[in-house]
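Trainee: The structure that follows is given in the form of structure tokens.
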Amino acid sequence: MPHTPCPMPHARQKFAYVILACLTALLCIFVSPVIARDTTNQGFTVSIAANLTQEQEAKNLYTAGRFAEAVTVLQQVLQIYQGNDNTIGQAVVFSNLALNFQQLGQMQAATEAIEKAIAILQNTPNSPQRLPVWAQVWDIKGNLELAQGKAQAALSSWETAASLYQQLKDSNRAILTQINQAQALQALGLYRREISLLQNLTEDLQKQPDSLVKAASFRNLGEALALAGDIEQAKKHLQQSLEIGQKLQSAETIATAYLSLGNLAYIPGSKSEQKKTALAYYKKAVVSSTIATSKIPSQLNHLRLLIELEQWSAAQALYPEIQSQIANLPLGRSAIYAQVNLAQRLLEMRQKFPELNPETIGKILAVARQQAQQLQDIRSESFVLGNLGHLYELSQQWSIAQDLTKQALNLSQSIQAPDIAYRWYWQLGRILCQGKPQCNQQGDITGAIAAYQQAFNTLQNIRSDLIATNKNVQFSFRETVEPVYRRLVDLLLQSSTPSQENLIQARNVIEALQVAKLQNYLQQACEDTKLEIDKVIDFQDQTSAVIYAIILDDRLEVILKRPNQKLSHYATPPQQKIKEVVSRLYENLQEEGSYEELQQDGQKVYNWLIQPIEKELKESKIKNLIFVLDGPLRKIPMASLYDGQQYLVEKYAASLALGLQVREPVPLGRSTIKVLAASLTQPPNNREVSGFSRLANVEQEIKEIKNTGLTVNWLAEQEFTTKNFNNKLNAANFEIVHLATHGLFGADRENTFVVTADGKLKIDDFDQLFLNQGQKRDHRIELLILSACQTATGNDQEVMGIAGTTVQAGASSAIASLWDLDDEASVPFIKELYQHLGQRNISRAEALRLAQQSLLKNPKYDHPRYWAPYVLVGSWL
1 MPHTPCPMPH ARQKFAYVIL ACLTALLCIF VSPVIARDTT NQGFTVSIAA NLTQEQEAKN
61 LYTAGRFAEA VTVLQQVLQI YQGNDNTIGQ AVVFSNLALN FQQLGQMQAA TEAIEKAIAI
121 LQNTPNSPQR LPVWAQVWDI KGNLELAQGK AQAALSSWET AASLYQQLKD SNRAILTQIN
181 QAQALQALGL YRREISLLQN LTEDLQKQPD SLVKAASFRN LGEALALAGD IEQAKKHLQQ
241 SLEIGQKLQS AETIATAYLS LGNLAYIPGS KSEQKKTALA YYKKAVVSST IATSKIPSQL
301 NHLRLLIELE QWSAAQALYP EIQSQIANLP LGRSAIYAQV NLAQRLLEMR QKFPELNPET
361 IGKILAVARQ QAQQLQDIRS ESFVLGNLGH LYELSQQWSI AQDLTKQALN LSQSIQAPDI
421 AYRWYWQLGR ILCQGKPQCN QQGDITGAIA AYQQAFNTLQ NIRSDLIATN KNVQFSFRET
481 VEPVYRRLVD LLLQSSTPSQ ENLIQARNVI EALQVAKLQN YLQQACEDTK LEIDKVIDFQ
541 DQTSAVIYAI ILDDRLEVIL KRPNQKLSHY ATPPQQKIKE VVSRLYENLQ EEGSYEELQQ
601 DGQKVYNWLI QPIEKELKES KIKNLIFVLD GPLRKIPMAS LYDGQQYLVE KYAASLALGL
661 QVREPVPLGR STIKVLAASL TQPPNNREVS GFSRLANVEQ EIKEIKNTGL TVNWLAEQEF
721 TTKNFNNKLN AANFEIVHLA THGLFGADRE NTFVVTADGK LKIDDFDQLF LNQGQKRDHR
781 IELLILSACQ TATGNDQEVM GIAGTTVQAG ASSAIASLWD LDDEASVPFI KELYQHLGQR
841 NISRAEALRL AQQSLLKNPK YDHPRYWAPY VLVGSWL
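The sequence shown begins at 1 in UniProt numbering and counts up one residue at a time.
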């Protein structure tokens with residue numbers, strides 16, 4: 001049975017785990033599309049006939065979302081089983097209690113219940129009724145373990161459950177349990193194993209005769225593949241589920257398949273055409289469904305997209321229909337969430353339709369609150385109260401809004417639900433500032449900072465759960481997570497002379513935001529090995545300084561770290577919008593002849609970032625600038641900034657850091673450098689990598705590297721396949737990997753790849769080829785050079801592709817380009833770069849600067865189009 005997203009996870013949760021799903025919106029369940037899930041393997045373990053009626057009642061209560069009532073019934077059944085010494089019955093009840101306690105947020109009670117079930121079954125090894133209960137107990141145990149972040153333990157439990165289901169010849173439950181294994185593998189970052197497992201499941205399902213169970217399994221498999229990022233295969237399997245439903249004439253199977261297809265097509269912030277595709281699926285789901293419990297989720301998603309597409313008349317006609325049907329839903333969590341979801345939609349519509357006043361919306365939420373209290377559903381009550389607080393926040397009734405938000409926060413803390421607690425901390429911070437950009441005497445800036453700090457700390461603790469999830473979470477990051485970081489920095493730096501403590505805290509938040517963004521891009525956790533930049537520039541490299549820039553709504557904030565100095569700070573309110581200047585500069589940097597235009601805008605950005613601190617940089621004798629940049633600033637090569645007379649590259653070396661603290665930088669040693677080079681002149685003629693031009697000069701580029709006297713192992717043309725590259729990489733230790741081939745850094749990891757003779761080498765493959773192999777070698781790659789790769793559209797998100805590639809390769813640093821390089825100019829550039837790499841007293845950043853200067857001094861290549869796009873990310877030494 002389909003239901004709204006973000007309740008506590010059922011035993012068979014197939015989409016993003018609750019914390020992931022609940023980070024997708026202001027109030028998660030109200031903004032994310034409703035998710036169709038299968039209930040074939042949800043709910044209770046097998047019943048014991050002696051108390052079938054009461055157990056069925058408890059199961060019905062559980063399915064309806066009336067968990068506290070289900071607990072009461074189950075405890076009555078438990079007393080009966082304990083009275084007649086029915087051990088198997090007791091195990092069944094304890095496992096079912098675990099499910100309900102988990103839904104209620106009582107994780108300790110849930111864990112204790114499942115452990116009691118296991119202990120009982122371990123002491124009754126010979127009971128004929130034991131095996132099916134034993135299988136489902138391990139199944140539930142896996143779910144509880146994943147809920148507590150114990151992915152490895154969950155994987156082991158589900159492997160045990162799958163094996164037991166196979167002994168029972170219960171192929172459906174075995175398949176669904178393996179889908180859960182895929183979820184655990186993803187949480188562990190074991191993507192290869194996950195994909196292999198899902199592919200094997202596909203083969204198993206294809207062999208089964210068509211049935212409703214097979215249709216449900218295909219749907220769950222499709223949703224799991226969507227989480228794994230395989231959108232095409234996900235769509236294929238969801239379509240198969242739909243076709244089986246149509247063949248068997250199952251209205252609800254058809255409806256849930258359409259709902260899942262709509263969710264797959266929908267991406268927050270996506271183009272209108274994609275939204276229209278999702279809208280069409282939701283319409284079909286509504287038409288196909290025959291019961292309110294499955295129709296309402298599709299209608300709510302339908303309404304959301306109508307609002308986003310500004311189809312106001314259709315939205316106005318739809319919401320009363322949804323409201324009337326919600327009133328007929330049975331009492332339970334689904335009904336509560338549907339009401340709050342509708343309230344959130346009406347909040348979005350209220351400026352267009354005056355009749356949707358706060359009182360009208362408040363009445364809907366008041367009913368939902370009453371139902372949550374009646375069910376003793378703390379999580380649902382927290383959602384309702386928080387949303388009520390938001391309603392009063394929008395009405396600027398600050399005292400009531402604050403009181404309701406604190407109540408919601410207390411409830412979320414009582415069930416240890418950080419995924420929603422951070423929302424209410426964030427909301428409390430906004431309320432304390434009374435919605436004003438400047439949190440002054442009218443607001444409580446101290447309290448607001450404290451609230452935002454709590455929201456930030458909570459996000460830091462659960463940020464690993466922001467990853468390994470579907471596109472909805474990835475794209476909603478800017479709406480649901482990023483504003484917390486930015487507003488905290490804003491509050492910390494509102495004073496014209498912020499304290500050193502506030503500067504340190506603000507810088508930590510900026511760095512944490514960069515890490516979170518990179519994790520979000522990669523959809524996996526990054527290693528936590530720390531690079532203490534302060535220590536490096538204080539003791540190891542006293543010629544470098546770090547410049548942190550963050551773009552706020554009304555200003556650009558910059559923090560400077562110099563060797564052995566306290567942090568300094570300055571703010572600049574740009575005369576023009578940053579995005580406009582940066583976009584124009586980015587375009588002109590690529591247009592030959594546009595010297596005057598790019599120098600004008602380059603000077604503006606220089607004046608924002610560098611001019612206020614020029615004196616300090618000279619005093620500290622700084623030679624290298626390490627930039628931690630924000631937003632659109634990331635797509636501008638800092639070397640191209642202009643001071644009115646010189647480009648920055650003529651004064652300083654420059655490198656980028658994304659706040660990711662990887663490993664301590666180590667200078668390259670000329671005598672030890674070994675290079676693995678690969679080149680491809682003619683890209684393969686296939687659809688996968690179509691549109692790339694011939695690279696006539698890559699062979700000469702590699703020859704120039706060899707001419708410098710370095711040891712080069714070269715894979716050329718048709719030899720440059722993924723397999724051969726992998727074999728070469730394993731054969732020896734290499735300090736530098738140089739890929740002279742086309743590549744693309746896209747806005748997401750699916751569109752970030754390097755072209756090989758046999759197709760694509762994707763960023764996900766880098767993890768396997770470099771990082772895992774690096775663990776077997778004495779050391780990892782020091783420098784990855786991607787000499788013909790480029791960003792796809794100049795989107796600042798694509799710079800994440802460069803950083804992501806570096807991380808996936810386990811490299812200390814990478815050199816790549818921000819736009820399409822001139823193939824001819826790359827030859828003298830590479831020649832000059834390799835002549836300096838590893839030379840005494842020449843860092844990687846300085847080697848890059850000298851190579852760029854050599855092109856700048858050549859009249860043929862003096863335009864930044866040729867020398868500026870190269871950027872160094874990571875270690876600069």
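Where a beta carbon is used, it is the ideal one built from N, C-alpha and C, also for glycine.
1) What residue range does the alpha helix (DSSP H) around Ile736 cover?
2) May I have the straight-line CA-CA distance separating Val675 from Gln239, to the nearest angstrom?
3) Could you tell me whether the Cβ atoms of Val546 and Phe627 are closer together than 9 Å?
4) Throw me the rounded Cβ distance for the Ala677 and Asn713 pair, which I believe falls under 8 Å.
5) Is residue 878 helix, strand or coil by DSSP?
6) Would you mind working out which of Arg507, Arg478, Tyr521, Ala91 sits nearest Leu491, comparing C-alpha positions?
7) Please say whether Ser620 and Pro563 have beta carbons closer to each other than 9 Å?
8) In terms of alpha-carbon separation, which member of Ala811, Gln718, Arg687 lies closest to Asn733?
9) For Tyr266, which of helix, strand or coil comes out of DSSP?
10) Hey, Tyr586 and Ile636 are a contact pair by Cβ (cut 8 Å); roughly how many whole angstroms apart?
11) Give me the DSSP bridge partner(s) of Gln804.
12) Using three-state DSSP, classify Gln790 as helix, strand or coil.
13) Would you list the residues sitting across from Ser568 in a DSSP beta bridge?
14) Which residues bound the alpha helix (DSSP H) around Ala184?
15) Residue 883 to Val689, Cα distance in whole Å?
16) State whether the region 602-617 contacts the region 832-849, with contact taken as three or more CB pairs (one from each stretch) at a distance under 8 Å.
17) Within 10 angstroms of its Cβ, does Ser671 collect 16 or more other Cβ (buried), or is it exposed?
18) Given Asp553, which residues of its chain have a CB within under 7 Å of its CB, disregarding the five upstream and five downstream residues?
19) Kindly indicate which residue of Arg478, Ile364, Arg487, Gln374 has the alpha-carbon position closest to the one of Tyr425.
20) Judging by CA-CA distance, which residue of Leu104, Phe829, Asp758 is the nearest neighbour of Ala417?
21) Report the CB separation of Leu347 from Ile361 in whole angstroms; it is logged as a contact under 8 Å.
22) Jot down the residue ranges of each uninterrupted alpha helix (DSSP H) in the UniProt repeat "TPR" (215-248), minimum 4 residues, whole runs only, in chain order.
23) At the level of alpha carbons, what is the spacing between Arg333 and Ala327?
24) DSSP three-state call for Leu432: helix, strand or coil?
25) Which residue from Ala343, Lys295, Asn301 puts its Cα closest to that of Gln325?
26) Give me, in chain order, the residues of the same chain whose beta-carbon lies closer than 8 Å to that of Asn858; leave out the 5 immediate sequence neighbours on both sides.
27) For the putative contact between Leu176 and Asn220, defined by C-beta atoms under 8 Å, what is the C-beta separation to the nearest angstrom?
28) Helix, strand or coil for Val546, going by three-state DSSP, please let me know.
29) Start and end of the alpha helix (DSSP H) containing Leu146?
30) Who are the Cβ neighbours of Tyr282 in its own chain at under 6 Å, not counting the five residues just before and after it?
31) At which residue ranges does the region 373-407 contain complete beta strand (DSSP E) runs of 3 or more residues, listed in the order of the chain?
32) Assign Val31 to buried or exposed, taking buried as 16 or more other Cβ atoms, counted over all protein chains shown, within 10 Å of its Cβ.
33) List the DSSP bridge partners of Ala343.
34) Just to confirm before moving on: does the CB-CB distance between Leu556 and Thr572 stay below 9 Å?
35) Relative to the alpha-carbon of Thr722, which residue among Ser693, Thr756, Gly89 has its alpha-carbon at the smallest distance?
36) Beta carbon of Leu242, beta carbon of Ile231: below 9 Å?
Mentor: Taking the geometry as given:
1) That residue, Ile736, is in no alpha helix (DSSP H); its beta strand (DSSP E) goes 736-745.
2) Whole-angstrom Cα-Cα distance: 47 Å.
3) Between Val546 and Phe627, the CB-CB gap stays under 9 Å.
4) In this structure Ala677 is in contact with Asn713, their Cβ atoms being roughly 7 Å apart against a cut-off of 8 Å.
5) With the chain represented from 1 up to 877, any question about residue 878 goes unanswered, as that position is not in the structure.
6) When each option's Cα is compared against that of Leu491, the closest is Arg507.
7) With a cutoff of 9 Å on beta-carbon distance, Pro563 and Ser620 are scored as near each other.
8) Ranked by Cα distance from Asn733, the options Ala811, Gln718, Arg687 are led by Ala811.
9) Of the three classes helix, strand and coil, the one that applies to Tyr266 here is coil, per DSSP.
10) About 6 Å separates the two Cβ atoms, so the contact holds.
11) Sequence inspection shows Gly at residue 804; the Gln mentioned does not correspond to that position. When DSSP reads this structure, Gly804 sits in no beta bridge, so it has no partner.
12) The three-state reading of DSSP puts Gln790 in strand, counting E and B together.
13) Residue pairing by DSSP places Ser568 opposite Leu560 in a beta bridge.
14) Secondary structure note for Ala184: its alpha helix (DSSP H) is the uninterrupted segment 171-187.
15) Any property of residue 883 remains undetermined from this structure, which presents the chain solely from 1 to 877.
16) Of all C-beta pairs linking the region 602-617 to the region 832-849, fewer than three are shorter than 8 Å, placing the two stretches out of contact.
17) Of the residues assessed, Ser671 falls on the exposed side of the cut-off, its CB having fewer than 16 other CB atoms within 10 angstroms.
18) Within the same chain, Cβ atoms closer than 7 Å to the Cβ of Asp553 are found at Pro437, the five residues on either side in sequence being excluded.
19) It is Arg487 whose Cα lies nearest to the Cα of Tyr425.
20) Answer by Cα proximity: Leu104.
21) The beta carbons of Leu347 and Ile361 sit about 6 Å from each other, so the pair counts as a contact at 8 Å.
22) With a minimum length of 4 residues, the continuous alpha helix (DSSP H) runs that stay inside the UniProt repeat "TPR" (215-248) are 231-247.
23) The straight-line gap from Cα to Cα measures roughly 13 Å.
24) Correct three-state label for Leu432: helix.
25) Minimum Cα distance to Gln325 is reached at Lys295.
26) Counting only Cβ-Cβ distances below 8 Å, and skipping sequence neighbours, we find Pro828.
27) The pair is a contact, with the Cβ atoms about 6 Å apart (cut-off 8 Å).
28) DSSP places Val546 in strand when its eight states are reduced to three.
29) Element bounds for Leu146: 130-147.
30) Result list for Tyr282: Gly262, Ser298, Asn301, His302, in chain order.
31) Under the rule that a run must span 3 or more residues, no beta strand (DSSP E) segment is found entirely inside the region 373-407.
32) Only weak support is given to the placement of Val31: the predicted model assigns it a pLDDT of 28, under 50, and the value that follows is read from those uncertain coordinates. It counts as buried.
33) DSSP, once it has assigned bridges, lists no residue as partnering Ala343.
34) Closer than 9 Å, so yes.
35) Closest option to Thr722, Cα to Cα, is Thr756.
36) No, the pair does not count as a contact, with Cβ atoms beyond the cut-off.
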